[in-house]
């Protein structure tokens, strides 16, 4: 296999499993064009169509065959029943060699490992959180997995790089025609933003709901125009676990200090001004930054134009106080957010193309001022790893990390300088998830490093009382405490590709030795 | 030219201007498939994109060239300034031979005639109300016009039969990125449903607004992901004429009687039951039927699942009273509706694909119980003409007429038996807009004729006190009053095609002798 060094210095094979790979060439080198988007087959809509059927019938109607690709969204997170329900039925039907392309997999999807072992599933294109990532890391998946960003997944679907034959989309409410939402019913989970591209471009679309309502289901996130079958089941998920993001602000003094530094950095950087915007997430640090930023805004009399995110009640609180004009919502982390999303016309669903598709005419990450995001590792080139741990295990998805860093004006990585005596600042990250050229500052409890590219920011912050330093110095200080860890013990075999949002390959992930 | 007789007995040429024509073969004979939808070019979205520019710059950026196709929506109706503004600029730039593909043209667009005379515009694909239709009828347009239904236009765009190079979409509110709506600002007009397919599938999309708002414009009807340029102008339309449908219930005793018969017919037919649905329009009879039906519903304790339409305050009143669960809204006929549309989550925008695209997986006309619609003529085969007058002049568009008749369970045509001493019930309609096989009953002040196909309905109504009769008898009675009018004096030249919602040709319209 021939390898080429890409723009972040990683060696990328020229092709894999017969598929040509394009090495990452820089965050904004791709100019689109060159070909057209994918186009689904032309369907027909006659009166009297009956879409309600069983899972088995929906699979049969869809024409699912060996070797095809199925997809799911992950709005039900670790409470999801739908992935297992559908794959179990497919396994019973004897269909083999499928690619599964979920927006993300969670620990609750561990039963998929049995389907992989039996050859029902041979490839994964999607994020893997926890046990399945671990299994894939140890070489359990026959084919090479592909991990994409939220925006990159939408791009791949729209461009035709990820051709979904059948999308199975959980809905907390649907009518018999397939108008579906995630805001009504006992299993309400919020927007259906992760499944929107699937619904628009899959050959066949199956809505799976536990709450059939009289036609028409309103509001809708997925329109009946794009739905082939509607399956009613007992439960689509465990309501207790459906909205299961971290919803509590960190109590760790280290992490609180990081959050304080980040909020202060945002304030001093000049980006916290009327009409500004930021992206929040679910982590404990992220929630703390949101809260502190909200306090600053209130004190300084500043109103934000919008917050984007996975949203928590903290963001909704700022919105309700009038400190934020619009909430852009891709997913919901706690139940308090659902009501606001359902009822407030300024709290808006953001399908992933709207959020972050590089191959659109304008995605909202480009309009973001500030993002604050986590990581497993960073390196002295500001490259960020969110996928693997330092032992090489692939345990996390990408989410919108790479998208936000590419689009926003101030991309901050908020991380403790070490975890469990393993340093977080490395010479080279184990895996490049987000290229350093799109990262503006690393904020740790021991100091803040600004990307040397950002001379403007360095100048702006030069009289700050914040502990501004360099990554090299931070790295050295931390290594005095932790030592330099052993490199991961890896085999040659590539088990996953990290795809950049433009479809080029940023890095490869290799099998971990037992 | 070879002609073939189609399923409604009209002679259709095998091809026109080098384009092969498929004759109409029956309302539901097309099963879709066979090819894929059209796919637009892959765009790119980088931070720092500036979309705001002048009309001239937007046209230049779009790459508009001689012979291309431009489109517009007609939500501003007879108050629209945008069509003239843009075509004037295009004319000044010296671009020629364009096809204009508006969802509809109104009397205010009369200046287009000058552009036709000068060769700027050589073809129209879209509805023509009034003077432009009259001009085209007299042979003024070099190429053959194409008229489509609302659903058929969306189908043609999505299937690639109508390839739009540049869509110019009026918005009453937009941000600098192109998130646009029709509900805010001084020129608010309601949904942007007619322009949605244009935005999704045109190569280039220009938003034209007179109300630029800070990013993000929320709610939005058109997302920034599909917008290339944003043009800010002084005024997109005349607010007094923007929502200019007939908003007054007819006072004519004849028309009131027709409305009363229609409402009574719906009630007795058994379709007026809990959860039923109906389509309303703007005409005086239609408003009267809505009002009387609402009174019946209140009296009988019946609630409708949804009303679909072009909506007026009459429909909103029923909705507010709790007599209707959901309002499906494709366009707004008076200002009272806009507020409800903007603020009520059960008052929902229906892009034309959702409304009536036969090449979707399910459009809402198929879920309609009852439609009551007007006509210029009907014939003894229940074929309906909405396009031409008995003198052959092409003065009206199709709208959703054909779509609703095809989809709904009870399609009623509510018409006076004659107008200005010209009989409305003819041996053969001048132009077939809607095939008789999709029409269930003709309701006139002199009697009601049920389509003989609908044996169930004839049986159901056999003990009714309503004046049930046959079309032949009605025709004879009316002709005793009016006489039989002269046939229209037509030339051989075909000036327009009436396209059925599946893309086949239902009829041709010929040039009228001076």
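Protein chains in written order, with my numbering: chain E, 1 to 514; chain C, 515 to 1028. Even glycine gets a Cβ: it sits at the ideal position worked out from N, Cα and C.
query: Below-8 angstroms beta-carbon distance, residue 34(E) vs any chain C residue; result: yes
query: Cross-chain neighbours of residue 868(C) in chain E, by beta carbon under 7 angstroms; result: 223, 225
query: Assigned exposure category for residue 1017(C) - 16 Cβ within 10 Å defines buried; result: buried
query: Per DSSP, the bridge partner or partners of residue 19(E); result: 16(E)
query: Member of 887(C), 964(C), 989(C) whose CA lies at the smallest distance from the CA of residue 932(C); result: 989(C)
query: Helix, strand or coil at residue 108(E) [DSSP, three-state]; result: helix
query: Residues bridged to residue 379(E) (per DSSP); result: 426(E)
query: Beta-carbon gap between residue 365(E) and residue 356(E) smaller than 8 angstroms; result: yes
query: Counted within 10 angstroms of its Cβ, other Cβ atoms place residue 124(E) as buried (16 or more) or exposed; result: buried
query: C-beta neighbour in chain E for residue 556(C), strict 8 angstroms; result: yes
query: Beta strand (DSSP E) runs wholly inside the stretch 947–975 of chain C, at least 3 long, in chain order; result: 955–958, 961–964
query: 8 angstroms Cβ cutoff, residue 572(C) in contact with chain E; result: no
query: Contact check, residue 547(C) vs residue 42(E), beta carbons under 8 angstroms; result: yes
query: Top-ranked residue by Cα proximity to residue 846(C), from 737(C), 771(C), 781(C), 707(C); result: 707(C)
query: Where residue 854(C) meets chain E, residues with beta-carbon distance less than 8 angstroms; result: Those within 8 angstroms of residue 854(C) in chain E number zero; the least Cβ separation is about 12 angstroms.
query: Interface residues of the stretch 397–412 of chain E facing chain C [CB-CB below 7 angstroms]; result: 407
query: Contacting residues, own chain, Cβ-Cβ under 7 angstroms from residue 390(E) (five flanking each side not counted); result: 377, 422, 430, 485, 488
query: Neighbour list for residue 977(C) in chain E, Cβ cutoff strictly below 8 angstroms; result: Chain E residues near residue 977(C): none, gap ~28 angstroms exceeds 8 angstroms.
query: Chain C contact residues for residue 261(E), given Cβ-Cβ distances below 8 angstroms; result: In chain order: nothing, as chain C lies at least about 25 angstroms away.
query: Option nearest residue 496(E) by Cα separation, candidates 280(E), 163(E), 136(E), 191(E); result: 136(E)
query: In DSSP terms, what residue 637(C) is bridged to; result: 613(C)
query: Contact set between the stretch 156–182 of chain E and chain C, restricted to residues whose Cβ is under 7 angstroms from the partner; result: 159, 177, 178
query: Run of the beta strand (DSSP E) containing residue 91(E), from where it starts to where it stops; result: Residue 91(E) -> not in any beta strand (DSSP E); alpha helix (DSSP H) instead, spanning 82–92.
query: Local Cβ density within 10 Å of residue 966(C), reported as buried at 16 or more and exposed below that; result: exposed
query: Backbone secondary structure at residue 1024(C) - three-state DSSP; result: strand
query: Other residues of its chain near residue 52(E): CB distance less than 6 angstroms, five sequence neighbours each side excluded; result: 176, 230
query: Exposed unless 16 or more other CB atoms sit within 10 angstroms - verdict on residue 580(C); result: exposed
query: Residues near residue 610(C) in its chain [Cβ-Cβ closer than 7 angstroms; skip 5 each side]; result: 580, 633, 634
query: Sufficient close CB pairs (3 or more, under 8 angstroms) joining the stretch 815–822 of chain C to the stretch 668–682 of chain C; result: no
query: Cβ contact (3+ pairs, closer than 8 angstroms) linking the stretch 592–607 of chain C and the stretch 770–781 of chain C; result: no
query: Outcome for residue 583(C) when other beta-carbon atoms lying within 10 angstroms are tallied against a minimum of 16; result: buried
query: Any chain E beta carbon closer than 8 angstroms to residue 789(C); result: yes
query: Unbroken stretches of the beta strand (DSSP E), 3 residues or longer, contained in the stretch 816–862 of chain C; result: 818–825, 838–846
query: CB of residue 730(C) within 8 angstroms of CB of residue 372(E), strictly; result: no
query: Cβ-Cβ separation, residue 703(C) to residue 590(C) (assumed contact under 8 angstroms), whole Å; result: 6 angstroms
query: Environment of residue 517(E) [buried if 16+ CB atoms lie within 10 Å]; result: Chain E is shown from 1 up to 514; residue 517(E) falls before or after that span and cannot be answered.
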